[in-house]
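If you count the sequence shown from 1, position 1 lands on 1 in my numbering, and the numbers rise without skipping. Built from N, CA and C at the ideal position, the CB exists for glycine as well. Worksheet: the structure to be examined is printed underneath.
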Amino acid sequence: MSSAAQPPGDGHPVVPVFFLSDSTGISAELMGRALLLQFPDLVFETELIPFIASVEAAREVVAKLDEAAEGPVMPLAFTTAAATEVREVLLTSRVPIIDFFGMHMDRVEELLGTPGVREARRLHGVGDVRRYNDRMAAVEFAIEHDDGQTFRAIERADVILLAPSRCGKTPTAMYLALQHGLFVANYPLVDEDLETTDLPRPVREHADKCFGLTTTATRLARVRQERRPNSRYASDEQCRYELRQAIAMYDRHELPTVDTSAASVEEIAAVVLQTLARLRRAAGPRRGTR
1 MSSAAQPPGD GHPVVPVFFL SDSTGISAEL MGRALLLQFP DLVFETELIP FIASVEAARE
61 VVAKLDEAAE GPVMPLAFTT AAATEVREVL LTSRVPIIDF FGMHMDRVEE LLGTPGVREA
121 RRLHGVGDVR RYNDRMAAVE FAIEHDDGQT FRAIERADVI LLAPSRCGKT PTAMYLALQH
181 GLFVANYPLV DEDLETTDLP RPVREHADKC FGLTTTATRL ARVRQERRPN SRYASDEQCR
241 YELRQAIAMY DRHELPTVDT SAASVEEIAA VVLQTLARLR RAAGPRRGTR
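Laid out in structure tokens, this is it:
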């Protein structure tokens, strides 16, 4: 990332931002961006620096940050570095650093009355082997059961996403699998499925696991247009028809649904998770199928 910060078209200078971590940096970037979103009038130029695994590496990062501090706009850095020796070096930089780990770890240790291990790998690594293996198994299941490719062992699914093509089934399924370890299948509603409001035969016996996705016809047509320009598949009429029929199917079977037209995959996944939790509470305890 260049240390130069030229004013964009609206006159605001570009603010350099660094996300630092001794692990993958996913959390530093996620939390940092969540804060930056609250400043819509500013422009940020971001850089992720993950796997700062040693004091020497941390010193190299500090040198880079201090060089960037010589630019016209003081940078900002966010870090989730867990290793104490790495954090201490990073905090010597001239650049202001938001230390998510340091802000909260001392307080958590105080409340629990015991010190934490402060190991970077426990955040996104394989520290919890069982949970990691569960997530990888869920990813494999989502890949195998993507877009109705197979219905083998479909009874193991925690969720079956139903929707017309390009409504967000695949990214939602992959996110739920990777981040939450859920076994997710997704099924595309095609013309023959939409001729009736009956659930498609392959998922009919699993209506209690089905979750409908929908969107707006305008957005669906735009997304499909990018895939198959000027086709019947991308026409406004076809998109309106498919969504209308899909919603009628969802309504008949009282399926939980979410509108994906203006929601991120994280927001869609959160709605699915909240709905599953509510349904499980209502149903009471039951034996798992896996």
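Buried or exposed: A291, going by 16 or more other Cβ atoms within 10 Å of its Cβ? This structure gives no information on residue 291, because the portion of the chain shown stretches from 1 to 290.
Of the listed residues P13, S54 and A246, nearest to D41 (C-alpha basis): For this step, residue 41 is matched to residue 41 along the sequence shown. Residue P13 is the option with its Cα nearest to D41.
Going by beta carbon distance, what residues of the same chain come within less than 7 Å of D236, once the five residues before and after it are set aside? The sequence position of residue 236 within the sequence shown is 236, counting from 1. Cβ-Cβ distances below 7 Å link D236 to A217 and A221 in the same chain, with the five nearest sequence neighbours on each side left out; the list follows chain order.
Pair every Cβ in the segment 232-248 with every Cβ in the segment 157-172, then say whether three or more of these pairs are closer than 8 Å. Result yes; three or more Cβ-Cβ pairs closer than 8 Å.
Quick one: give me the first and last residue of the alpha helix (DSSP H) that M171 is part of. As a first step, residue 171 is located in the sequence shown; it is residue number 171 there, counting from the start. Reading the sequence as shown, one finds Pro at residue 171 and not Met. In the DSSP assignment, P171 falls within the alpha helix (DSSP H) that extends over K169 to H180.
Measure the C-alpha to C-alpha separation of G181 and Y132 and round it to an integer number of angstroms. Along the sequence shown, read from residue 1 onward, the residue named residue 181 stands at position 181. Along the sequence shown, read from residue 1 onward, the residue named residue 132 stands at position 132. As the crow flies, the alpha-carbon of G181 is around 8 Å from that of Y132.
What is the rounded straight-line gap between the Cα of R278 and the Cα of V272? For this step, residue 278 is matched to residue 278 along the sequence shown. For this step, residue 272 is matched to residue 272 along the sequence shown. Straight-line Cα distance between these residues: approximately 10 Å.
Can you tell which of S21, E67, P202 and T79 has its C-alpha closest to the C-alpha of D147? Working through the sequence shown from its first residue, we reach residue 147 at position 147. The residue with the shortest Cα to Cα distance from D147 is P202.
Cβ neighbours of L90 in the same chain (closer than 7 Å, five flanking residues each side left out): By 1-based counting over the sequence shown, the position of residue 90 is 90. Excluding five sequence positions before and after L90, the CB atoms of its chain that fall closer than 7 Å to its own CB belong to L20, A58, V61, V62, T79, A81 and I97, given in chain order.
Could you give the distance in angstroms between the alpha-carbon of M31 and the alpha-carbon of T46? Here residue 31 refers to the residue found at position 31 of the sequence shown. Here residue 46 refers to the residue found at position 46 of the sequence shown. Going by the C-alpha atoms only, they are around 13 Å apart.
Using DSSP bridges, identify the partner residues of G212. Here residue 212 refers to the residue found at position 212 when the sequence shown is read from its first residue. DSSP, once it has assigned bridges, lists L162 and T257 as partnering G212.
Could you give the DSSP three-state label for P202: helix, strand or coil? Locating residue 202 in the sequence shown gives position 202, counting from the first residue. Helix, per DSSP.
Enumerate in chain order the residues of its own chain whose CB-to-CB distance from V317 is below 8 Å, with the five nearest sequence positions on each side excluded. Since the first residue shown for the chain is 1 and the last is 290, residue 317 is missing from the structure and cannot be characterised.
Three-state secondary structure (DSSP) at I268? Your numbering for residue 268 matches position 268 in the sequence shown. Of the three classes helix, strand and coil, the one that applies to I268 here is helix, per DSSP.
Quick check on the burial criterion: 16 or more other C-beta atoms within 10 angstroms. Buried or exposed for A157? Sequence index remark: in the sequence shown, residue 157 carries index 157 (1-based). So A157 ends up on the buried side.
Can you give me the C-alpha to C-alpha distance between S261 and T215, rounded to a whole angstrom? Position 261 of the sequence shown holds residue 261. Position 215 of the sequence shown holds residue 215. Looking at the two C-alpha atoms, the distance is approximately 5 Å.
List, from N- to C-terminal side, the alpha helix (DSSP H) runs of 4 residues or more that fit wholly inside the segment 47-80. Whole alpha helix (DSSP H) segments, 4+ residues: 55-68.
What does the Cβ neighbour count give for P16, buried or exposed, with the cut at 16 atoms within 10 Å? One-based indexing of the sequence shown puts residue 16 at position 16. It counts as buried.
Taking three-plus beta-carbon pairs below 8 Å as touching, is the segment 180-200 in contact with the segment 138-152? Contact between the segment 180-200 and the segment 138-152 is present, with at least three C-beta pairs closer than 8 Å.
Where V89 falls: helix, strand or coil (DSSP): Counted from its first residue, the sequence shown places residue 89 at position 89. V89 falls in the helix class under three-state DSSP.
Within 10 angstroms of the Cβ of P115, are there 16 or more other Cβ atoms? Answer buried if so, exposed if not. Position 115 of the sequence shown, counting from 1, holds the residue named residue 115. That one is exposed.
For V126, I'd like the list of residues in its chain whose CB is within less than 8 Å of its CB, leaving aside the five on either flank, ordered along the chain. Translated into positions along the sequence shown, residue 126 becomes position 126. Any reading at V126 must be qualified, since the residue scores a pLDDT of 49, below 50, and its modelled position is unreliable; the value itself is stated next. Closer than 8 Å at Cβ, skipping near neighbours: Y132.
Where V126 falls: helix, strand or coil (DSSP): On the sequence shown, position 126 is the one that residue 126 refers to. With a pLDDT of 49 at V126, under the threshold of 50, the modelled position of this residue cannot be trusted, and the question is left open.
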